[in-house]
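Heads up: the structure comes next, in structure tokens.
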Amino acid sequence: MSRLGVPMLAAAALLWQALPASAEDAAAGQRVFAQCRACHTVDKGGRNGVGPNLWGIVGSPAGKREGFRYSANMQELAQGGLVWTRENLDKYLENPKSLVPRGSMAFAGIRNPEQRANLIAYLETLK
34 MSRLGVPMLA AAALLWQALP ASAEDAAAGQ RVFAQCRACH TVDKGGRNGV
84 GPNLWGIVGS PAGKREGFRY SANMQELAQG GLVWTRENLD KYLENPKSLV
134 PRGSMAFAGI RNPEQRANLI AYLETLK
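In the working numbering, the protein residues as written are 34 to 160.
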């Protein structure tokens, strides 16, 4: 091995260890989604439940799922151009009322940022 090979391997190993433990994990996010499943479906072309079907939600305009009846507040935000970006989803999942104060989602939110990141990573796979 060259003289640079060993230091490069050591540096790579240190860098790998330095990666945050909270790196997004879609499989873990799918497990987090279990608490959403009572109200939401995630099937392509699937039906809405108590909440809208979330297939393809990341990057899509808010309040636009066909066949779902949104709260007046969500409709107002949708008309204002709200899009389900990673940032907006994170804020909404942490505390739905912080983004949609008069929304109809009866869910307190997910306080753990790692769980939210994982859930968003899972939702990103649904396309």
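Every residue, glycine too, gets a C-beta built ideally from N, C-alpha and C.
Under the Cβ criterion (8 angstroms, minimum of three pairs), the region 109-116 does not count as touching the region 68-88.
Measuring C-alpha to C-alpha distances from S93 to each of L122, A141, A60 and G100 identifies L122 as the nearest. When only Cα atoms are considered, E99 and P85 end up about 9 angstroms apart. Checking the DSSP bridge columns, you'll see P94 partnered with V116. If you draw a 10 Å sphere on the C-beta of G62, you find 16 or more other C-beta atoms in it, and that means buried.
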